[in-house]
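Asker: For the sequence shown, my numbering begins at 1 and goes up steadily by one. Using N, Cα and C, we set each Cβ at its ideal position, and we do this for glycine too. Predicted model only: the values in this text are computed from it and were never measured.
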Amino acid sequence: MTIGLDEFEIIRTYFSPLSKGESGAYSLLDDAAKVKFNSSSSTIITSDLMVSGVHFPLTEPANYVAARLLRVNLSDIAAMGAVPVGYTLSLALPDNINIEWISSFSKGLAEEQELFGITLLGGDTTKCSSEMVLSVTMFGEAKDNSVLLRSGARVGDEVFVSGYIGDAFLGLSILQEETVDSYNKTHRYLINRFRKPSPRLELGEKLIGIATSAIDVSDGLISDLGHVCSASMVSANILFDKVPVSKAAKLTAFKNENIRKSLITAGDDYELIFTVPSNRSGIVKNLSLELGINLTKIGNIVNNKNSQLVSAFDLDGNIISLDRTGFRHF
Numbered sequence: 001m002t003i004g005l006d007e008f009e010i011i012r013t014y015f016s017p018l019s020k021g022e023s024g025a026y027s028l029l030d031d032a033a034k035v036k037f038n039s040s041s042s043t044i045i046t047s048d049l050m051v052s053g054v055h056f057p058l059t060e061p062a063n064y065v066a067a068r069l070l071r072v073n074l075s076d077i078a079a080m081g082a083v084p085v086g087y088t089l090s091l092a093l094p095d096n097i098n099i100e101w102i103s104s105f106s107k108g109l110a111e112e113q114e115l116f117g118i119t120l121l122g123g124d125t126t127k128c129s130s131e132m133v134l135s136v137t138m139f140g141e142a143k144d145n146s147v148l149l150r151s152g153a154r155v156g157d158e159v160f161v162s163g164y165i166g167d168a169f170l171g172l173s174i175l176q177e178e179t180v181d182s183y184n185k186t187h188r189y190l191i192n193r194f195r196k197p198s199p200r201l202e203l204g205e206k207l208i209g210i211a212t213s214a215i216d217v218s219d220g221l222i223s224d225l226g227h228v229c230s231a232s233m234v235s236a237n238i239l240f241d242k243v244p245v246s247k248a249a250k251l252t253a254f255k256n257e258n259i260r261k262s263l264i265t266a267g268d269d270y271e272l273i274f275t276v277p278s279n280r281s282g283i284v285k286n287l288s289l290e291l292g293i294n295l296t297k298i299g300n301i302v303n304n305k306n307s308q309l310v311s312a313f314d315l316d317g318n319i320i321s322l323d324r325t326g327f328r329h330f
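1. Under the three-state reduction of DSSP, which class applies to Tyr87: helix, strand or coil?
2. When you compare the stretch 40–48 with the stretch 170–189, are there three or more beta-carbon pairs, one atom per stretch, that lie closer than 8 angstroms?
3. Ignoring anything shorter than 3 residues, give me the beta strand (DSSP E) runs that lie fully in the stretch 214–298, in order along the chain.
4. In whole angstroms, give me the CA-to-CA distance for His18 and Leu89.
5. Give the secondary structure of Lys127 by DSSP, where H, G and I count as helix, E and B as strand, and everything else as coil.
6. Please report the distance separating the alpha-carbon of Gly86 from that of Leu70.
7. Of all the options Asn256, Ala110, Ala266 and Glu202, which has the alpha carbon lying nearest to the alpha carbon of Phe331?
8. In angstroms with no decimal places, state the Cα-to-Cα distance between Ser146 and Glu202.
9. Just the C-alpha distance for Ile259 and Asp167, rounded to the nearest angstrom, thanks.
10. How many Å lie between Leu148 and Lys107 at the Cα?
11. Which runs of the beta strand (DSSP E) spanning at least 3 residues fall entirely within the stretch 134–186, listed in chain order?
12. For Gly122, which three-state DSSP category applies?
13. Quick check on this structure: which residue in Gly220, Glu112, Gly292 and Val83 has the alpha carbon closest to the alpha carbon of Tyr64?
14. Give a yes or no on contact between the stretch 195–211 and the stretch 267–276, applying the rule of three or more CB pairs nearer than 8 angstroms.
15. For the alpha helix (DSSP H) containing Val72, list its first residue and its last residue.
16. Is it right to say Lys261 is buried, meaning 16 or more other beta carbons lie within 10 angstroms of its own, or is it exposed?
17. Tell me which same chain residues have a C-beta within less than 7 angstroms of the C-beta of Ser151, skipping the five on either side of it?
18. Is Val155 close to the ligand COA? I mean its beta-carbon at under 6 angstroms from any heavy atom of the ligand.
19. I'd like the list of long-range same chain contacts for Ile301, defined as Cβ closer than 7 angstroms, with 5 residues on each side in sequence excluded.
20. Thinking C-beta only, is Thr137 closer than 7 angstroms to Ala92?
21. Can you tell me the Cα-Cα spacing of Ser103 and Ile11, whole angstroms?
22. To the nearest angstrom, report how far apart Tyr164 and Val51 are at their CA atoms.
23. Please return the same chain residues whose Cβ sits closer than 8 angstroms to the Cβ of Ile77, not counting the five positions on each side in sequence.
24. Pick out whichever of Ser246, Met80 and Gly117 has its Cα sitting closest to the Cα of Lys20.
25. Can you have a look at Gly282 and say buried or exposed, based on whether 16 or more other CB atoms are within 10 angstroms of its CB?
As structure tokens, this is what we get:
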């Protein structure tokens, strides 16, 4: 069954309620939204889109697609140390999308909005002839005009990462290769890490004044740390065996060295990589205890090595060869 409703009926029925009475959203019935922020803060804006078959499997349930779409955008807000406020949503939907899919998608958005305290401010919908395209622009507020940037890392800084790396890669692999009937507890944990990454919003906010730089892990730990190094005109050395890996990932991946390497290059983790001066490492330890999040030191910032932005070593000091550094669209 196809949608059976026109664009404006879809907006009124499924998306206007997500504006939750926000006065400046005008129930999504006007040409734009009006958003007022405190004069002592800065507005942070980020945008990410997802395409079916590229960013998520075609068979993925709509509510999980909604959750992932919002969370990957929220992760960018976290990487800047800001607080999310609201978002706009644009959809290009193929003919084979039915009203049940849209209903489930909007319910998924509503659940995430409630969890993260955000509202839908506006957007657009249209029809397309091929793959589904979903785009969110997320707005955040940087208190006291302070933000985390990629460009502040300095030689001697220590490199930390939150949470665990590689779970999402393994979760997506399971979705692509296994049948639902074959899922065990480990599979379900890893799949959930792909479907619902954890944007580290509270951590990002608390790193203001502590971290010298930060970025979220979207394309892969090596690649994204490389972005920090490039922006800061430095390089980084990391210890491969210090990269934090979950028990589920160890059970799944540690029998294969190539899969282990993929954990640090595959992306989709949406954890935070950040750098701090060595005399602040104790603060990071206390922050880890306060938030209940693993914050693991994985390396150091060193002098720029020209083209080699990030080098990975084993515990004996031998450099580890990697076939790639991270995900690239082109």
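Answerer: With the structure as the only source:
1. What you label residue 87 is simply residue 87 of the sequence shown in a count that begins at 1. Tyr87: strand per DSSP, three-state reduction.
2. no
3. 235–239 and 272–276
4. Within the sequence shown, residue 18 is the residue found at index 18, counting from 1. Within the sequence shown, residue 89 is the residue found at index 89, counting from 1. First, the amino acid is wrong: residue 18 is Leu here, not His. In a straight line, the C-alpha of Leu18 is about 11 angstroms away from that of Leu89.
5. Locating residue 127 in the sequence shown gives position 127, where the first residue counts as 1. Three-state DSSP puts Lys127 in a strand.
6. Stepping through the sequence shown from its first residue, residue 86 is reached at position 86. Stepping through the sequence shown from its first residue, residue 70 is reached at position 70. Using only the alpha carbons, I get a separation of about 10 angstroms.
7. This structure does not reach residue 331, given that the chain is present from 1 up to 330, and the question cannot be answered.
8. Stepping through the sequence shown from its first residue, residue 146 is reached at position 146. Stepping through the sequence shown from its first residue, residue 202 is reached at position 202. If you take the alpha carbons of Ser146 and Glu202, they lie about 15 angstroms apart.
9. Numbered from 1 along the sequence shown, position 259 holds the residue referred to as residue 259. Numbered from 1 along the sequence shown, position 167 holds the residue referred to as residue 167. Rounded to the nearest angstrom, the two C-alpha atoms are 12 angstroms apart.
10. Against the sequence shown, residue 148 aligns to sequence position 148. Against the sequence shown, residue 107 aligns to sequence position 107. Cα to Cα, Leu148 sits roughly 32 angstroms from Lys107.
11. 158–162
12. As a working mapping, residue 122 is identified with position 122 in the sequence shown. Correct three-state label for Gly122: strand.
13. On the sequence shown, residue 64 is found 64 positions in, with the first residue counted as 1. Nearest C-alpha to Tyr64: Glu112.
14. yes
15. As a working note, residue 72 is residue 72 in the sequence shown. Taken as a continuous stretch (DSSP letters only), the alpha helix (DSSP H) holding Val72 covers Ala62 to Ala79.
16. Indexing the sequence shown from 1 puts residue 261 at position 261. The residue in question, Lys261, is buried, as its Cβ has 16 or more Cβ neighbours within 10 Å.
17. Position 151 of the sequence shown holds residue 151. Contacts found: Ser213, Ala231 and Ser232.
18. As presented, the structure is devoid of all ligands, the ligand COA included, so that no description of it is given.
19. Here the question's residue 301 lines up with position 301 in the sequence shown. Within the same chain, Ile301 has close Cβ partners Ala153, Arg154, Val155, Gly156, Asp157, Val159, Val234, Ala236 and Thr275.
20. For the purposes of this step, residue 92 is taken as the residue at position 92 of the sequence shown. For the purposes of this step, residue 137 is taken as the residue at position 137 of the sequence shown. No.
21. Mapped onto the sequence shown, residue 103 falls at position 103. Mapped onto the sequence shown, residue 11 falls at position 11. Distance between the alpha carbons of Ser103 and Ile11: 11 angstroms.
22. Residue mapping note: residue 164 aligns to position 164 of the sequence shown, counting from 1. Residue mapping note: residue 51 aligns to position 51 of the sequence shown, counting from 1. So the alpha carbons of these two residues sit roughly 25 angstroms apart.
23. Position 77 of the sequence shown, counting from 1, holds the residue named residue 77. Here the set comprises Ile44, Thr46, Val83, Pro84, Met138, Gly140, Pro199, Leu201 and Gly204.
24. On the sequence shown, position 20 is the one that residue 20 refers to. Among Ser246, Met80 and Gly117, the Cα nearest to that of Lys20 belongs to Gly117.
25. By one-based count along the sequence shown, residue 282 stands at place 282. Gly282 is exposed by the Cβ-count criterion.
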